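Residue numbers (the numbering used here), protein chains in the order written: chain R, 80 to 194; chain A, 218 to 331.
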């Protein structure tokens with residue numbers, strides 16, 4: 080158990096809809112990261128938050144947004160969903176703001192299916 | 218543009234033998250490399266890492282080798298055990314400014330057979 084909790088585990092929704100994925104980091108970790116894994120692809124970095132502030136941005140679509148709350152949990156909002164957004168979405172956390180020697184701890188992911 | 222490539226989608230090895238998983242990268246700014254292991258329905262779990270100032274790092278049955286001139290790294294598992302059957306992801310990051318913005322490969326499915 081990594082200590083990172085993601086809900087829900089599975090989500091099925093229709094095109095054009097909006098969903099919210101939730102992540103609680105490990106106790107004490109200040110950074111939260113979101114990754115997307117599409118079929119047969121590696122994990123693609125979306126965005127990082129550190130102590131409530133956006134720290135780094137990757138290949139995140141404008142239809143997607145995220146935030147980190149004062150209690151350090153994070154939410155990833157996906158809107159105007161398309162079939163191609165179907166993927167596994169992983170949240171990870173680390174103690175610091177992005178040091179190279181602090182490996183990420185991943186949650187078990189949310190599987191999003193857009194029909 | 219795949220900056221981190223794992224060209225073997227799958228690998229099958231007999232229990233007790235050596236498993237060698239390979240990874241190539243193209244971005245010369247990458248200084249720090251990690252291997253993650255993933256079981257079905259679980260998130261990736263950190264396995265071992267290496268920075269560019271080293272060419273080898275060992276942790277028990279796991280050894281990672283880095284060849285900077287060839288932009289190639291490999292993970293050796295000796296001896297392989299059935300519990301090692303999983304998907305292995307190679308990941309890379311620049312130490313300076315990259316933080317934990319890891320770039321992942323597409324993974325190699327390792328199957329260790331009895």
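We put the CB at the ideal spot given by N, CA and C, even for glycine. Since the structure is predicted, the reported quantities are computational estimates derived from the model, not experimental observations.
Burial state of residue 104 of chain R, where buried means 16 or more other Cβ atoms lie within 10 Å: Translated into positions along the first chain, residue 104 of chain R becomes position 25. So residue 104 of chain R counts as buried.
Which bits of chain R does residue 247 of chain A rub up against, with CB to CB less than 8 Å? Here residue 247 of chain A refers to the residue found at position 30 of the second chain. Under the 8 Å cutoff, chain R gives no residues; its nearest Cβ is about 11 Å from residue 247 of chain A.
So for residue 312 of chain A, helix, strand or coil by DSSP? Sequence index remark: in the second chain, residue 312 of chain A carries index 95 (1-based). The answer is helix: DSSP assigns residue 312 of chain A an H, G or I state.
Given 8 Å as the limit, is there contact between the stretch 119-129 of chain R and the stretch 94-104 of chain R, that is, 3 or more CB pairs closer than that? No: the two stretches stay apart, fewer than three of their Cβ pairs being nearer than 8 Å.
Once you ignore the five residues that flank residue 148 of chain R on each side, which residues in its own chain have a CB closer than 8 Å to its CB? As a position in the first chain, residue 148 of chain R is number 69, starting the count at 1. If you ignore the 5 residues before and after residue 148 of chain R, its C-beta comes within less than 8 Å of the C-beta of 131 and 154, all in its own chain and listed in chain order.
Closest residue to residue 115 of chain R among R:171, R:182, R:128 and R:194 (Cα-Cα distance): Taking the first residue of the first chain as 1, we reach residue 115 of chain R at position 36. Per the C-alpha coordinates, the member of R:171, R:182, R:128 and R:194 positioned closest to residue 115 of chain R is R:171.
Contact under 9 Å by Cβ, residue 297 of chain A with residue 251 of chain A: Indexing the second chain from 1 puts residue 297 of chain A at position 80. Indexing the second chain from 1 puts residue 251 of chain A at position 34. Result no, Cβ atoms of residue 297 of chain A and residue 251 of chain A do not sit closer than 9 Å.
Interfacial residues, the stretch 100-122 of chain R to chain A, with Cβ spacing under 9 Å: The residues in question are 110, 112, 114, 116, 119, 120, 121 and 122.
Helix, strand or coil at residue 319 of chain A [DSSP, three-state]: For this step, residue 319 of chain A is matched to residue 102 along the second chain. Looking at residue 319 of chain A - three-state DSSP - the assignment turns out to be coil, as it is neither helix nor strand.
Taking DSSP's pairing of strands, which residues face residue 153 of chain R in a bridge? As a working note, residue 153 of chain R is residue 74 in the first chain. DSSP, once it has assigned bridges, lists R:102 and R:147 as partnering residue 153 of chain R.
Residues of the stretch 130-144 of chain R in Cβ contact with chain A at a cutoff of 8 Å, in chain order, please. If the cut-off is 8 Å between Cβ atoms, the stretch 130-144 of chain R has 134, 135 and 137 near chain A.
For a quick check, are the C-beta atoms of residue 183 of chain R and residue 168 of chain R less than 9 Å apart? One-based indexing of the first chain puts residue 183 of chain R at position 104. One-based indexing of the first chain puts residue 168 of chain R at position 89. Cβ atoms of residue 183 of chain R and residue 168 of chain R: not closer than 9 Å.
Decide if the stretch 271-280 of chain A is in contact with the stretch 223-232 of chain A; the criterion is three or more beta carbon pairs, one per stretch, under 8 Å apart. No, because fewer than three Cβ pairs between the stretch 271-280 of chain A and the stretch 223-232 of chain A fall closer than 8 Å, the two stretches do not touch.
Restricting to Cα atoms, I'd like to know which of R:142, R:174 and R:165 is closest to residue 188 of chain R. Taking the first chain and counting its residues from 1, one reaches residue 188 of chain R at position 109. Nearest C-alpha to residue 188 of chain R: R:165.
CB residue 281 of chain A to CB residue 292 of chain A, shorter than 9 Å? Taking the first residue of the second chain as position 1, residue 281 of chain A is located at position 64. Taking the first residue of the second chain as position 1, residue 292 of chain A is located at position 75. Yes, the pair counts as a contact, with Cβ atoms nearer than the cut-off.
For residue 259 of chain A and residue 318 of chain A, the rounded distance between their alpha carbons: Here residue 318 of chain A refers to the residue found at position 101 when the second chain is read from its first residue. Here residue 259 of chain A refers to the residue found at position 42 when the second chain is read from its first residue. Note on geometry: alpha-carbon atoms of residue 318 of chain A and residue 259 of chain A lie some 21 Å from one another.
Selection from A:218, A:220 and A:230 that minimises the alpha carbon distance to residue 299 of chain A: Your numbering for residue 299 of chain A matches position 82 in the second chain. The candidate whose alpha carbon is nearest that of residue 299 of chain A is A:230.
By DSSP's criteria, residue 97 of chain R is part of a beta bridge. Which residues make up the other side? Looking up residue 97 of chain R in the first chain gives position 18. In DSSP, residue 97 of chain R forms no bridge with anything.
What does DSSP give as the partner residues of residue 241 of chain A in its beta bridges? Along the second chain, read from residue 1 onward, the residue named residue 241 of chain A stands at position 24. Beta-bridge pairing links residue 241 of chain A to A:222 and A:289.
In chain order, what residues of the same chain have a beta carbon less than 6 Å from the beta carbon of residue 175 of chain R, not counting five sequence neighbours either side? Taking the first chain and counting its residues from 1, the one referred to as residue 175 of chain R is at position 96. Excluding residues within five positions, the ones whose Cβ falls inside 6 Å are 181.
Between residue 151 of chain R and chain A, is the shortest Cβ-Cβ distance under 9 Å, so that the two count as touching? In the first chain, the residue the question calls residue 151 of chain R occupies position 72. Residue 151 of chain R does not count as touching chain A.
What residue does the beta strand (DSSP E) around residue 256 of chain A start on, and which one ends it? Here residue 256 of chain A refers to the residue found at position 39 of the second chain. Taken as a continuous stretch (DSSP letters only), residue 256 of chain A belongs to no beta strand (DSSP E), as it is neither H nor E.
Do you know offhand how far residue 237 of chain A's Cα is from residue 160 of chain R's? On the second chain, residue 237 of chain A is found 20 positions in, with the first residue counted as 1. On the first chain, residue 160 of chain R is found 81 positions in, with the first residue counted as 1. Cα atoms of residue 237 of chain A and residue 160 of chain R: separation of roughly 40 Å, rounded to the nearest angstrom.
Inter-residue spacing [alpha-carbon to alpha-carbon] between residue 263 of chain A and residue 87 of chain R: Numbered from its first residue, the second chain carries residue 263 of chain A at position 46. Numbered from its first residue, the first chain carries residue 87 of chain R at position 8. Roughly 23 Å separates the two Cα atoms.
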